[in-house]
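In this text, residue positions in the sequence shown follow the working numbering: the first is 1, and each later residue adds one.
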Amino acid sequence: MTLSSKYKMITLNLFGGLSIFFVLVVLRIPGLINADQLLSADEGIMAYQILDLYKGSSLFFYYDVTKYFGIVNGLAAFPFFWILGVGGLAFKLPEVLFYTLYTLSTYWLVKKIQPRAALIVILLMIFPSSSVFGGNIINQGITLISFLGNLIFLSFLKVKETGGSKAFYAFLLGFFVGFAIYTFTYSIVYIGSIVILFVLSSNYWEVFRAKVSKKTVISWFVMQKGVVQKFVGILDGLILVFIFVVLFSYVFGGFGIDIAGYSILQSNALHKPVGQLLVLVAFRICLFRQDITGKLSLIKSLILSMDPLIRRSILFCLLGFVIGIFPRILSILTGETTRGGQGFDVDFVPTNLVDNFWILMTRDFPGVLGLWAPIAQLFNSEINSFHLFNSFLGGIIIFLISRAIFSFVKPRWGEVKDIFRLKVLFFNPAQFFLVLPILICAAVIVSQGAPSTRYLFPLHGVVSIWTAIYLDKVRHKSKTFFAFALIVWCTFGAIGIYQNHVAGGVVRGFSVIERPNPYFKLVKFCKEHEISNAYSGYATSAIGTFLSRGDVRIAEYTKPFWGRKLKERLAKEENFSIIIASDGSDLQVYQEYLDENLLSYSKSIVKGKDDTDDLYYIFSNFRGERATIEQLRSLIAS
1 MTLSSKYKMI TLNLFGGLSI FFVLVVLRIP GLINADQLLS ADEGIMAYQI LDLYKGSSLF
61 FYYDVTKYFG IVNGLAAFPF FWILGVGGLA FKLPEVLFYT LYTLSTYWLV KKIQPRAALI
121 VILLMIFPSS SVFGGNIINQ GITLISFLGN LIFLSFLKVK ETGGSKAFYA FLLGFFVGFA
181 IYTFTYSIVY IGSIVILFVL SSNYWEVFRA KVSKKTVISW FVMQKGVVQK FVGILDGLIL
241 VFIFVVLFSY VFGGFGIDIA GYSILQSNAL HKPVGQLLVL VAFRICLFRQ DITGKLSLIK
301 SLILSMDPLI RRSILFCLLG FVIGIFPRIL SILTGETTRG GQGFDVDFVP TNLVDNFWIL
361 MTRDFPGVLG LWAPIAQLFN SEINSFHLFN SFLGGIIIFL ISRAIFSFVK PRWGEVKDIF
421 RLKVLFFNPA QFFLVLPILI CAAVIVSQGA PSTRYLFPLH GVVSIWTAIY LDKVRHKSKT
481 FFAFALIVWC TFGAIGIYQN HVAGGVVRGF SVIERPNPYF KLVKFCKEHE ISNAYSGYAT
541 SAIGTFLSRG DVRIAEYTKP FWGRKLKERL AKEENFSIII ASDGSDLQVY QEYLDENLLS
601 YSKSIVKGKD DTDDLYYIFS NFRGERATIE QLRSLIAS
């Protein structure tokens, strides 16, 4: 590729990306105008911690609320804070940017599979399902990790195209893998996909399958002389399992395996498996050490037998991986991270598997495609002509997606069977979109908790790719049907977008409305009455602290709590207030405690719109025993 063509490609991609971003922003204007009102509690707790960092507080690598989700999504808000000022809009716009990059990178991937379908997939992803659209203004990282997953696929593809001889592409692959793990450990579905494809398409896989089987393992075990060597063989296998567990724990954050609610294996405490591994290794050395030198020499000879170019690429890949995951390494070294987060806890009890599979197929998969509501509307007694029209469009979408899946999978059915049978594959880029959906669905089914629609987000991208490839084939047979299908998809998506805005209370008819924000009244009241330290529920704590720009610090009065740093900071403050929403049960708990245990206190009310209703009750100026007052900081058990 010449220099001029490279500049042309960069310019076209930059222009295309800006155009996509502009269209996505326009479609989300009602929600973005109401960005402060639409802040979720989870966004709020991330936003106020990022705001502290923006103001110059000490560096951290993970939010208080989780240790499997890095702060990259929050750091992306810094330029928007600087340009637009601190607020919900500045924190939400990065999510639109991430979806733009995800769409653009999907275009690059489709160019590798079926170039003429690449532009079609952009159009399909600009008008996504209502559930995907709704998540596109919640800065929760799933879109970012989908973009990084596409970069992992693209860099892996470059490594395969160059036969692993280009160190730069190997470095990029390692970097994107490491950085994606730090950003969000959900990246395991993308990393698992390339690991499966790498292994099954390797030249050594067929040799390995021929040499290693249940029969050969049993034969090797029988040939071991004496009980000690047989036991050492079992011990070596156990040590290998523990090495995997330790590496997995430090890289991804641990996992748990349950059966029928009984814990079989847990590795969420990062340092515990290391101690267990050291004990096993020490015991192994004391028991039988004569063969250790030979095994180390065998490993050394295997490394030296590699092609020097491949060996160099592996080293560069490891270097890129270490650089990418370095924030996580630092968080472990500094003591910020000592445990893994939930997310890899699985339960293999048959009833759990069947239940999760049923929910996936009947609720979550149709839901992520925006098909659940149109189907449900058909059984609504208040159905009208609009619902019938939308359900009709939904029926056509179901037909298109069904045909697209059949068209994509049927010619590759042999590859699907080879993947399940772990047979040798002849690699091609389309296999990304065979393995990825299999892993996503498998992860959801074996998950200990109930499936969550947001974790199926990448499936919408996969279905969009399948549909784009199918429509490109249709275009050659019937341009009329091709145009009709695109119109139906975009119309169905536009209706879903409109319904999403209406359900969010930001559109009435064809007018954008600005929802009242109770937090604005609360923050204004606190500033006017010089309340700078307070305790409240999770949502009020997170959102109120952020929307006050940190001027009013509100920690949680619940136990347990999520905002650890803010809670510790406020524990040092002697004077504080209690803020309670009027629509919850916490008011009665606090009112009874204050009346029974304190000598006196003051009570204020934050009124709602037109001063017609009570939004919040604020208690302050407490008088009584110090220990009794301190109990107010964590009075609610949740």
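All residues carry an ideal CB built from backbone N, CA and C; glycine is no exception.
Q) Going by C-alpha distance, which of D586, K300, I554 and F252 is nearest N575? A) Your numbering for residue 575 matches position 575 in the sequence shown. The shortest C-alpha separation from N575 is found at I554.
**Q.** Three-state secondary structure assigned by DSSP to I332
**A.** Translated into positions along the sequence shown, residue 332 becomes position 332. Note: I332 maps to helix in three-state DSSP.
(Q) Between which residues of its own chain and I440 is the CB-CB distance below 7 Å, once the five residues before and five after are set aside? (A) Sequence index remark: in the sequence shown, residue 440 carries index 440 (1-based). The answer, listed in chain order, is V189, L456, P458 and L459.
Q.
If distances are taken between C-alpha atoms only, which option among N517, F252, V446 and F288 comes closest to G233?
A. Start at 1 with the first residue of the sequence shown, and residue 233 comes out as number 233. If we check each option's Cα against that of G233, F288 comes out closest.
(Q) In whole angstroms, give me the CA-to-CA distance for D307 and V159. (A) On the sequence shown, position 307 is the one that residue 307 refers to. On the sequence shown, position 159 is the one that residue 159 refers to. Their backbone Cα atoms lie some 15 Å apart in a straight line.
Q) Who pairs with E556 in a beta bridge, going by DSSP? A) Position 556 of the sequence shown, counted from the first residue, corresponds to residue 556. E556 pairs with S536.
**Q.** Sequence-distant residues of the same chain with beta carbon closer than 7 Å to T185, five excluded per side
**A.** Residue numbering aside, residue 185 sits at position 185 when the sequence shown is read from its first letter. For T185, where only same-chain residues beyond five positions count, the Cβ hits under 7 Å are Y68, F252, G253 and G343.
Q: Please check the pair L39 and W108, which I expect to be a contact at CB under 8 Å, by giving their CB distance rounded to whole angstroms.
A: Mapped onto the sequence shown, residue 39 falls at position 39. Mapped onto the sequence shown, residue 108 falls at position 108. Contact doesn't hold; Cβ gap of about 33 Å is too wide.
Q.
Taking 7 Å as the limit between beta carbons, can you name the residues of its chain near N34, skipping five residues before and five after?
A. Translated into positions along the sequence shown, residue 34 becomes position 34. If we look at N34 and ignore the five residues flanking it on each side, its Cβ neighbours are V506, E514 and R515.
Q.
Within the continuous beta strand (DSSP E) that includes S40, where are the two ends?
A. Reading the sequence shown from its first residue, position 40 is the one you call residue 40. From DSSP, S40 is part of no beta strand (DSSP E); its letter is neither H nor E.
Q | Residue of G56, E630, P30 and G44 minimising C-alpha distance to H65 | A | As a position in the sequence shown, residue 65 is number 65, starting the count at 1. Correcting the residue identity first, residue 65 is Val in this sequence and not His. Of the candidates G56, E630, P30 and G44, the one whose C-alpha sits nearest the C-alpha of V65 is G44.
Q: Quick one: which unbroken beta strand (DSSP E) runs of 3-plus residues sit fully inside the segment 49 to 116? Chain order, please.
A: none
**Q.** CA nearest to the CA of T103, picked from N13, E161, V217 and F171
**A.** By one-based count along the sequence shown, residue 103 stands at place 103. T103 has its Cα closest to that of N13, out of N13, E161, V217 and F171.
Q: Report yes if the CB atom of I401 is closer than 8 Å to the CB atom of L369, and no otherwise.
A: On the sequence shown, residue 401 is found 401 positions in, with the first residue counted as 1. On the sequence shown, residue 369 is found 369 positions in, with the first residue counted as 1. For I401 and L369, yes; Cβs fall inside 8 Å.
**Q.** K524: first and last residue of the uninterrupted alpha helix (DSSP H) it sits in
**A.** Along the sequence shown, one-based indexing puts residue 524 at 524. Where K524 is concerned, the enclosing alpha helix (DSSP H) stretches over P518 to E528.
(Q) Just to confirm before moving on: does the CB-CB distance between G70 and F61 stay below 8 Å? (A) Within the sequence shown, residue 70 is the residue found at index 70, counting from 1. Within the sequence shown, residue 61 is the residue found at index 61, counting from 1. Yes. Within cutoff.
(Q) Measuring alpha carbon to alpha carbon, tell me which residue in I152, Q114, T100 and I113 is nearest F133. (A) Locating residue 133 in the sequence shown gives position 133, where the first residue counts as 1. Of the candidates I152, Q114, T100 and I113, the one whose C-alpha sits nearest the C-alpha of F133 is T100.
Q: Taking Y169 as part of the alpha helix (DSSP H), name the residues at either end of that continuous run.
A: In the sequence shown, the residue the question calls residue 169 occupies position 169. Y169 -> alpha helix (DSSP H) spans A167 to T183.
Q) How is Y601 classed by DSSP in three states: helix, strand or coil? A) To locate residue 601, count along the sequence shown from 1; it is residue 601. DSSP places Y601 in strand when its eight states are reduced to three.
Q | Spatially closest choice to L302 from I10, Q377, H387 and Y204, by CA coordinates | A | In the sequence shown, residue 302 corresponds to position 302, counting from 1. L302 has its Cα closest to that of Y204, out of I10, Q377, H387 and Y204.
Q) Between the C-alpha atoms of G174 and S313, what's the straight-line distance to the nearest angstrom? A) Stepping through the sequence shown from its first residue, residue 174 is reached at position 174. Stepping through the sequence shown from its first residue, residue 313 is reached at position 313. Cα to Cα, G174 sits roughly 10 Å from S313.
**Q.** beta strand (DSSP E) segment containing D472, residue limits
**A.** Within the sequence shown, numbered from 1, the residue matching residue 472 stands at position 472. Note, D472: premise wrong, no beta strand (DSSP E); alpha helix (DSSP H) at F457 to K477.
Q. What three-state label does DSSP hand I383 in the structure shown?
A. By one-based count along the sequence shown, residue 383 stands at place 383. Here I383 sits in coil by DSSP.
Q) Whole-angstrom Cβ separation of G550 and D52, contact assumed at under 8 Å? A) Sequence index remark: in the sequence shown, residue 550 carries index 550 (1-based). Sequence index remark: in the sequence shown, residue 52 carries index 52 (1-based). So it is a contact: roughly 7 Å between Cβ atoms.
Q) Helix, strand or coil: which one does DSSP assign to R626? A) Position 626 of the sequence shown holds residue 626. In the structure shown, R626 sits in a helix (DSSP, three-state: H, G or I).
Q) With distances taken from CA atoms, which of I629, Q140 and V589 is nearest A637? A) Residue numbering aside, residue 637 sits at position 637 when the sequence shown is read from its first letter. Of the candidates I629, Q140 and V589, the one whose C-alpha sits nearest the C-alpha of A637 is V589.
Q: Report the residue from L97, I29 and K92 whose alpha carbon sits nearest the alpha carbon of S19.
A: Position 19 of the sequence shown, counted from the start, is the residue given in the question as residue 19. Of the candidates L97, I29 and K92, the one whose C-alpha sits nearest the C-alpha of S19 is L97.
Q) Quick one, are the C-beta atoms of A539 and T467 less than 8 Å apart? A) The residue labelled residue 539 in the question sits at position 539 within the sequence shown. The residue labelled residue 467 in the question sits at position 467 within the sequence shown. The answer is no: Cβ separation not under 8 Å.
Q.
According to DSSP, simplified to helix, strand and coil, what is V322?
A. In the sequence shown, residue 322 corresponds to position 322, counting from 1. Helix, per DSSP.
Q | Alpha-carbon spacing of F561 relative to A571, whole angstroms | A | Position 561 of the sequence shown, counted from the first residue, corresponds to residue 561. Position 571 of the sequence shown, counted from the first residue, corresponds to residue 571. Near 13 Å, if we compare the C-alpha coordinates of A571 and F561.
Q) What's the gap between the Cα of V227 and the Cα of I218? A) For this step, residue 227 is matched to residue 227 along the sequence shown. For this step, residue 218 is matched to residue 218 along the sequence shown. Computed Cα separation, rounded: 15 Å.
Q | Beta-carbon proximity of L148 to S187, cut-off 8 Å | A | Here the question's residue 148 lines up with position 148 in the sequence shown. Here the question's residue 187 lines up with position 187 in the sequence shown. Contact flag set, yes.
Q | Contained alpha helix (DSSP H) runs [length at least 4] in the segment 338 to 372, N- to C-terminal order | A | For the segment 338 to 372, whole alpha helix (DSSP H) runs of length 4 or above, ordered along the chain, are 350 to 359 and 365 to 368.
Q: Take the Cβ of M361 as the centre, count every other Cβ of all protein chains shown within 10 Å, and call the residue buried at 16 or more, exposed below.
A: Position 361 of the sequence shown, counted from the first residue, corresponds to residue 361. By the neighbour-count definition (other C-beta atoms within 10 Å, threshold 16), M361 is an exposed residue.
Q.
Quick check on the burial criterion: 16 or more other C-beta atoms within 10 angstroms. Buried or exposed for H501?
A. For the purposes of this step, residue 501 is taken as the residue at position 501 of the sequence shown. Counting Cβ neighbours within 10 Å, H501 comes out buried, since at least 16 surround it.
(Q) Can you tell me which residues form a DSSP beta bridge with A581? (A) Position 581 of the sequence shown, counted from the first residue, corresponds to residue 581. Looking at the DSSP assignment, A581 forms a beta bridge with Y616.
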